[in-house]
Each structure stands twice: as structure tokens, then as C-alpha cells.
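In this text, residue positions in the sequence shown follow the working numbering: the first is 9, and each later residue adds one. Ideal Cβ placement from N, Cα and C applies to all residues, glycine included. Single-structure report; data block below.
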Amino acid sequence: MNGLFLMDTTGTVPGELDDIRQRLRIVRNRQDALYVAFFEKSSAIKLLIDPKSSKIVDANPAACAFYGYSLTLLRSMSILDINMLPAEQVQREMHLAAAEQRGSFRFRHRIASGDIRDVEVFSGPIDLWDHTLLFSIVHDVTAQQGAEMALRKAHHDLEGHVRQRTSELTQVNEQLQQAIDSRAQIELALRASEERYRMISELISDCAYAFRIEPDGQFICEWMTTPYTHSCNGNGASPSSNTAYGWIGPVHHDDTNVLQQRLQLLLSGQPAISELRLLTDHGDVRWLRDYARPIWDEHKERVVRLYGAAQDITARKHAEESLKQNQALLQGFLDHSPAMMLVRDLNGRIIMVNRRVCEHWSLASDELVGKTSENLFDPETAHRLTTHDQMVLAQNAPIEAEFVMNHRRHAHAYRRTAFPIADDAGNVYATGSITTDITHQQQMEEAHQALVDHSLQGLTIVQDCRIAFVNTAQAEIMGYPIAALIAMTSTEAAGLVHADDRPMLWQALQTMLSGPLVSHHGEYRIIRQDGVIRTLKITATLTRYQQKQALQIAAIDVTEQKDLAAAFERLQHQYELILQSAGEGILVSIPMV
């Protein structure tokens, strides 16, 4: 909603300072664009002055043009450099303005050319940029002052003429009275017009309207901007109803009480801002934000007119509803996650948590929001978490880390992934984190590792044609240290297999990697580091290791079994030869058990 301040030729600004204070309090929570539109683009001469130091904090282009100084030079000057009054008197007047004991002043200001200008200043305190400043609107009344002086001189001359020419006194007085009456009427009409358009300029938005309230309570529409009827009624027709608010069309039945409360507030002389739903001619529901301001007549002791402005906020309402749904959907996902998720601002304060975090701390979300790591953890843990977030902000990238923290008197291991959160412009304004309790997982991994390390069966994992893992048993079978086996190239690893068995093993493994086979069993000879040949019975299966495909090979050293079997075959063969070469009969008796 843009504001426009109008004034008459005398520079009078009725009630302007109070409106300016209200507008500036709103500007404080808005974007710089509104400040530029209100202050810098205004054609009125405007200054911001520090009442303590008398320094000119800011000036708009109109002020630069009037005083003849650049903006940089004005900002380096004091109001004492411009005002012709003594410094003590200027300070006293600024004190009155800052205390809101006086709002209008007449001064003489020196401009850059050296000329002295008569000015009327409307000044009052505002809170801006965490400081209390004086907001001053300056009107050049030099011409007006000259006119007044000329009028006084003319009046003096007139009195002289009256003394000299008594016969012309009546005629001159009548002409003068007519001029005064005409001027009074013009000024009255001008003030009324100025007040109306000033109020409308403050309220103007999508559309505006004015209603006159008759003594019998009828509402007579004086005027209304076209966009109002187009956006709300949908037909562009001019309002004709003389009932209170009958001209805006059918109001949604759930909002009729809002309309009644609004009307009571306005008729009591108080402004009202309401949001209500309307039904258009096409049956659509439109949201309207209506701001009305009543005009109270002291003589009639009632509200005689309403000025208002309205905005069609249907799109904003739909966007708000969509945002609420998206937030509820996001919160639903977060709350059903087994991981602890939270968001911190750049100062480390928690601004959002999921249900898992609340359960972990046995606190409600509103009890956690606003807290920092220092409020929840011991100093060492809090420092580690803060350092983790600072690294994320410094690198502007996700970083994963593992922490050990005490929870309910027990040490727990956690895996924490922290990441930056940026707005649409790419500016990082927060950090998020996903924390998972991996205590049980680590215990399982440690138990599995202990089982693997103490297994009598050799275990090897081959990935990308290299040895990725071997256990202690396999290293002992091969006669190499574990580190030496893992460091081998693919050629060196292939050299561990006997040359006669190497093609067959290689073909079997290739078939598993590219074909339908998922496992392979066989016996192969290997060459230990000391050159001894051992026979291994292996079982190879497809698996995944560190999220990639790999071959897991389980091996058992069957060298002794093979040697015993070969020795048994040799004995049996010798036994058969003895039986066949014997000249006498030999009876072999096997005792029955």
C-alpha cells in the first residue's frame, strides 16, 4: 500500500506527522524498496536528523535539489550549518520536537547559493535503524511570506487611502470582504479535498471507495474505483445499493459476523481491517482484505463518511493454504523418520525439530526451539557439534561425522550428517542435520569382525580385480601379512594361484560376474610366500561390499586331507598287489561290531 502526502499552498499538513509516524513504524518491518518509494522518490523535501548530535542522517533528492548540496555533502553536515537561528535555540526546538511537545516550526534556512529561504518544518520523532531520529518535512514558504508582507503593506496602504479617500472606503471594504469570503470558501474546499485524497492515498491498494452516511443510516456511495467491482463482483457494475456493504456482493455465510463487527467498529469512529470471503456472480469464492477509515463529525456527533481500500487476496490465501499443507507434509515425513532431524540458524539456535528429537530428549518441540548445543550437551560435545556445523558453513557442502555422546548415562555412537540450507537466491541461512544412533550397528559390526577375524576358515573379498579384504586365517594360509595381500596388484594376486589351475579359476569367476551363476565350488592349488604349494577347497559367491559388487571367497586348506587320501590309495594299491602275488590263499576277516 503506497502513501502519498498532499498539502495546500500555505504548506499546512493537518495531522501529517502522526500519519508519518505510523507509516514509518510499518516501513521498519518492510523491504528497502518501500523506504525508497516513501522517502527518496517523494517530491516533498524530507530530512532525517539525529536529535542528539544535530547531524543530518539522510535526505531525499528533493532536499538535495532545494538546498543545492549533494547527498554525500548533506549527510556530512549538521542542521546547525543550515538553520540561521543560534545553536542553543535550534537544540531547544529539536528537543520539543523529539518530545512531541511541538510539531510545527518556522525557520530561516541558508541554501548553497547563499540565499536565505523562509521554511515551515513539520518534525517529529521516529524509530528507525534502532535509533530515534527526527523526521522533518520542509516547505518553502518564502513566496508565502512575501505575499503576507505584501498583503500587510497593501492593507497599510489601504488604510492610508481610507484616511485620504473616505468616499471609497465602503466600496474597497466590500471588495476586500468578497475576496476574503471567496478565499475562505476556496481554502475550505481545498482542505476537504486535500483530506479526502490524502486519506485515499494512504489507503489505496487494489481499489478504493468513499461512502457518505446519511442521518437515517443510509450508505450512499460517492465514488468507487473500477477494479473493485471487477475483482469482487465480477461484472464491473457500479454500486447502487444504499444499505451498509450491500454493494460488495454476497458475503460467505461464515463471515457475516465479521461484517457486523466491522460495521459496529466503523460507526463508533474506529478504523477497521477485515478479511472476509465473497461470492462472485460466477459462484467463485474470493478473499477480500478491506481497510476502512471513518470520518467523525464533532458537530453532528456521528460518523458521516467512510473512506476505504480493498485488496483481492485470494491468491495469497491459496498460497498460504498450500504452504501449510506442504509444511504439514514435510513435518509428517520428518516425524516418522527413525533419525533425529533438526535445523539450526547461523547462531546455532534450534529452529525446527522432528518427533524423534523430542523423544530422545523427552522434551516438547517448543522447549527445544531456541536452544543451542551448549544448553543440551557437555562442553566438549557441544564444541564438537558447533565445529561440525562451522565446517559445513565454511565449505558450503554436506559433511558426515561420527560422535560418541552420553545419553541416559550410557555412551552411544552416532552418525551425523550436517548440510547447509539456502534460500532461492543461494544465501545460506541455516544448517540441517540428520543424526542416527549407530550403537547397535557398531556392536554388530564389531561382533561380526571378531567372528571373521577368529574364523578358522579363510575369507577373501575380491573387488575390481583386486583383493579388498582378507581375514587372519586366510593370511596364515597364504603365508603373507594382511597388508601385503591387500596391496597386491591384480597380476600379483593372480600369481598366488598355481599356473595349472589359474585358467580354470579365472573362467569360473568371470562366469559368475557375467552369467547366471551366483556361486562356485572347487579345489585349487595356491603358492605360499615360502614357495610351499597348498590345496584349497573354495566356495565363491557374489556379494556387495561397500555398496559395490564383489566376490566373497571362503577357503579351507585341504592339503593334509589330500595327502592322507593319496597315502591311503598307495597303501591300498600295495595291498592289492600283495594279494594278487601270494601263492597261498589269504583270508581277511573283518570283525563284526
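- Around the beta-carbon of residue 59, 16 or more other beta-carbon atoms lie within 10 Å, marking it buried.
- A residue is called buried once 16 or more other Cβ atoms fall within 10 Å of its Cβ, and residue 364 is buried on that count.
- Here residue 127 is not near residue 110, since their CB atoms are 9 Å or more apart.
- Contact between the segment 49-68 and the segment 141-148 is present: three or more C-beta pairs spanning the two stretches fall below 8 Å.
- Residue 475 counts as buried, since no fewer than 16 other beta carbons sit within 10 angstroms of its beta carbon.
- Secondary structure note for residue 527: its beta strand (DSSP E) is the uninterrupted segment 527-535.
- Take the alpha-carbon of residue 94 and the one of residue 77: they are about 22 Å apart.
- For residue 587, the enclosing alpha helix (DSSP H) begins and ends at 567-589.
- With 16 or more neighbouring CB atoms inside 10 Å of its own CB, residue 215 falls in the buried class.
- Per DSSP, the unbroken beta strand (DSSP E) holding residue 220 starts and ends at 215-221.
- Sixteen is the threshold: since fewer than 16 other Cβ atoms of the shown chains lie within 10 Å of the Cβ of residue 80, the residue is exposed.
- In summary, residue 223 is exposed, with fewer than 16 beta-carbon neighbours lying within 10 Å of its beta-carbon over all protein chains present.
- Comparing alpha carbon positions, the residue from 323, 423 and 312 closest to residue 297 is 323.
- When the alpha-carbon of residue 482 is set against those of 446, 542, 515 and 442, the nearest one is in 542.
- For residue 367, the uninterrupted alpha helix (DSSP H) segment begins and ends at 363-369.
- Judged by DSSP in its simplified three-state form, residue 53 adopts strand.
- Distances from the CA of residue 473 to each of 517, 441 and 466 were compared; the closest alpha carbon is that of 517.
- For a cut-off of 8 Å, the C-beta gap from residue 396 to residue 409 is around 5 Å, short enough to register as a contact.
- If you ignore the 5 residues before and after residue 527, its C-beta comes within less than 7 Å of the C-beta of 547, 548 and 549, all in its own chain and listed in chain order.
- The Cβ atoms of residue 544 and residue 565 lie closer than 9 Å to each other.
- Assignment of beta-bridge partners to residue 113 by DSSP yields 129.
- Only residues of its own chain outside the window of five on either side were considered, and among them 478 and 483 have a CB closer than 6 Å to the CB of residue 490, listed in chain order.
- Using a C-beta cut-off of 8 Å, the segment 431-447 makes contact with the segment 347-365, since at least three inter-stretch Cβ pairs fall below that distance.
- Taken in chain order, the complete beta strand (DSSP E) segments of 3 residues or longer contained in the segment 384-455 are 407-415, 418-430 and 436-445.
- The C-alpha of residue 511 is placed about 11 Å away from the C-alpha of residue 503.
- With a cutoff of 9 Å on beta-carbon distance, residue 98 and residue 112 are scored as not near each other.
- When the five nearest sequence neighbours on each side are left out, the beta carbons in the same chain lying within less than 6 Å of the beta carbon of residue 361 are those of 350, 373 and 376, in order along the chain.
- For residue 478, the uninterrupted beta strand (DSSP E) run begins and ends at 474-478, by DSSP.
- Between the C-alpha atoms of residue 166 and residue 149 there is a straight-line separation of about 25 Å.
- Residue 325 sits close to residue 295, with the two beta carbons spaced by under 9 Å.
- Per DSSP, residue 66 is one residue of the beta strand (DSSP E) stretching across 64-67.
- From the listed residues 74, 107, 328 and 371, the smallest Cα separation to residue 122 is found for 74.
- A direct Cα-to-Cα measurement between residue 276 and residue 314 gives close to 12 Å.
- The continuous stretches of alpha helix (DSSP H) do not include residue 173, and DSSP gives it neither H nor E.
- Excluding sequence positions up to five before and after residue 281, its CB lies within less than 6 Å of the CB of 299, all in the same chain and listed in chain order.
- If you look at residue 285, you'll find it in the beta strand (DSSP E) that goes 280-287.
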